[in-house]
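Protein chains in written order, with our numbering: chain A, 935 to 1164; chain B, 317 to 439. Using N, Cα and C, we set each Cβ at its ideal position, and we do this for glycine too.
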Amino acid sequence: MSSSTVVHSHDPHGGGHGHDPHHQHHFATMEQQFDTSKIGMWLFLATEVLLFGGLFVGFGLMQARYPREFVEAHHHLQRGFGAFNTVVLLFSSWTMVMGVLSAQTNQKKKLVVYLVLTILCACMFLGVKYFEYSHKYHDGLLPGHYYHHEGDEIPNSHGYATFFSFYFMMTGLHGIHILAGIAILTWILIRAMKGEFSSAYYTPVDLVGLYWHLVDLIWIYLFPLFYLIS
Amino acid sequence: MNTHTEHAHDHRGAAKTYARTLILLLVLTIITVAAAGVDFGSGNVVIALTIATVKASLVALIFMHLRHEKPMNSVIAVAGFLFLGLFLMFCLIDAESRVNLQPANLKPSAPPVAAPAHPSPAP
């Protein structure tokens, strides 16, 4: 992701630049540069799939270990909030891809609007998560040995605490990814407002879009497995 | 220049496609929430995960442009999930072969949950 938009004063080409200012010299063509950037981002996304995938597998195994506790524990989760957050993230995926389309078609104003909308959706998601977390805290539904909820069906079982360990770990890690996404999207927004993107060069918007879609993808699996499975 | 030299990318149909995909995703979300309210027994997990996978595929193919782009990106994406599947498979093979899921050398904690037959210590 090149960030250079300034005229090179020490220009090895001598005078005018023979090629697009974003074209870095170790690539044969802009197209190769774009393709390489994409592959790099997809490789990173594959590692993210493995990261969350590992946690999902752990969750699945523990579900098999404590089936009744997990069912009972998951009733404490507020499905309405989870569903609302799912809708918010799906919508933000749409605003993101519309932002990329705007960049591809030289519509700077629309790009800015769509980026702002995506960021707002992300903030709304975190706001809802804050409500959910404070409700859990209030009820003592906390991870590991901090769990102190009264009135569970099966006494002396680690299953409830285990459920909430996974709940907080996975939604928390996902939340951190949302936060990082907000930061990166804000950076791209600032660059977009400066007019750095066009149909000739929109790679950063595209790549950040891919990251954002992955964050949505992870939630698409998180939501049913935590909130809906019984 | 990000010229898609092979496929002259027609952006005109794109906005419509994205809007339709969003609507489809929202409909699938409604279906998945509704299905969770009905008791299909062990089918609930299958239904929820299937719908989730359909949604994920829509996001990957259309929003993430895998449908129109160079195959290498799809290879990497699929490979990620393939290896995850491999990981899951081996974990399940292991878990299914055990009498209980506790490590053999774990000291028993407070009463009722431990399985009655304690397997012999691991070699």
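Closer than 9 angstroms to chain B by CB, residue i
i, result
"A/D1086", "no"
"A/P1077", "no"
"A/Q1038", "yes"
"A/A1126", "no"
"A/A980", "yes"
"A/T1105", "no"
"A/F1098", "no"
"A/Y1155", "yes"
"A/K1063", "no"
"A/A998", "yes"
"A/A1007", "no"
"A/I1053", "no"
"A/I973", "yes"
"A/G952", "no"
"A/H942", "Since pLDDT at A/H942 reaches only 48, below the 50 mark, its modelled position is unreliable, and no value is offered."
"A/H1072", "no"
"A/Y1067", "no"
"A/V991", "yes"
"A/E1130", "no"
"A/L1011", "no"
"A/H960", "no"
"A/Y1094", "no"
"A/G994", "yes"
"A/P1138", "no"
"A/Y1101", "no"
"A/L1151", "yes"
"A/L984", "yes"
"A/V1047", "no"
"A/Y1161", "yes"
"A/P1180", "Beyond the ends of chain A as shown, which are 935 and 1164, falls residue 1180 of chain A; an answer cannot be given."
"A/G1115", "no"
"A/H1147", "yes"
"A/L1119", "no"
Backbone secondary structure at residue i - three-state DSSP
i, result
"B/M380", "coil"
"A/N1019", "helix"
"A/T963", "coil"
"B/P424", "coil"
"B/S373", "helix"
"A/I1116", "helix"
"A/Q958", "coil"
"A/E1006", "helix"
"B/E412", "helix"
"B/S358", "coil"
"B/N389", "helix"
"B/T333", "helix"
Min CB distance residue i to chain A below 9 angstroms
i, result
"B/L342", "yes"
"B/T348", "yes"
"B/H384", "no"
"B/N318", "Unreliable positioning characterises B/N318 in this predicted model, as indicated by a pLDDT of 45, which lies under 50. The coordinate reading is nonetheless provided below. Answer yes: the Cβ-Cβ gap between B/N318 and chain A drops below 9 angstroms somewhere."
"B/A335", "yes"
Residue i, buried or exposed, once every other Cβ within 10 Å from all chains shown has been counted against 16
i, result
"A/Q966", "exposed"
"A/E1106", "Per the sequence shown, residue 1106 of chain A should be read as Gly rather than Glu. A/G1106 comes out exposed."
"B/L422", "exposed"
"A/E1087", "exposed"
"A/A1117", "exposed"
"A/H942", "Note that A/H942 scores 48 on pLDDT, short of 50, meaning its location in the model is unreliable; the coordinates nonetheless yield the value given after this. It counts as exposed."
"B/A350", "exposed"
"B/K332", "exposed"
"B/V354", "exposed"
"A/H1082", "exposed"
"B/D410", "exposed"
"A/H1108", "buried"
"A/Y1071", "exposed"
"B/T321", "In this predicted model, B/T321 has a pLDDT of only 39, less than 50, meaning its place in the structure is not dependable enough to derive any value."
"A/G1014", "exposed"
"B/P424", "exposed"
"A/F1180", "Nothing can be reported for residue 1180 of chain A: it is not among the residues displayed for chain A, which extend from 935 to 1164."
"A/G1093", "buried"
"A/D1073", "exposed"
"A/K972", "buried"
"A/T1052", "buried"
"B/A412", "Note that residue 412 of chain B is Glu in the sequence shown here, rather than Ala. When all chains shown are included, B/E412 counts as exposed."
beta-carbon residue i near the ligand NAP non-hydrogen atom, thresh 8 angstroms
i, result
"A/H960", "Looking at this structure, you won't find the ligand NAP or any other ligand, since it has none at all."
Legend entry - Minimum length 3: unbroken beta strand (DSSP E) runs contained in the region 1123-1156 of chain A: none
Legend entry - Where the region 395-426 of chain B meets chain A: residues whose CB sits under 7 angstroms from a CB there: A395, G396, F397, F399, L400, F403, L404, C407, A411, L417 and A426
Inset, instruction - Enumerate, from N- to C-terminal direction, the unbroken alpha helix (DSSP H) stretches of 4 or more residues contained entirely within the region 1051-1099 of chain A. - result: Runs of the alpha helix (DSSP H) inside the region 1051-1099 of chain A: none found.
Inset, instruction - Residues of the region 366-379 of chain B with a CB closer than 9 angstroms to any CB of chain A: list them in chain order, please. - result: Residues passing the 9 angstroms Cβ filter: I367, A368, T369, K371, A372, V375, A376, I378 and F379.
Legend entry - Against chain B: residues of the region 1018-1035 of chain A by CB proximity under 9 angstroms: T1020, V1021, L1024, F1025, S1027, W1028, M1030, V1031, M1032, V1034 and L1035
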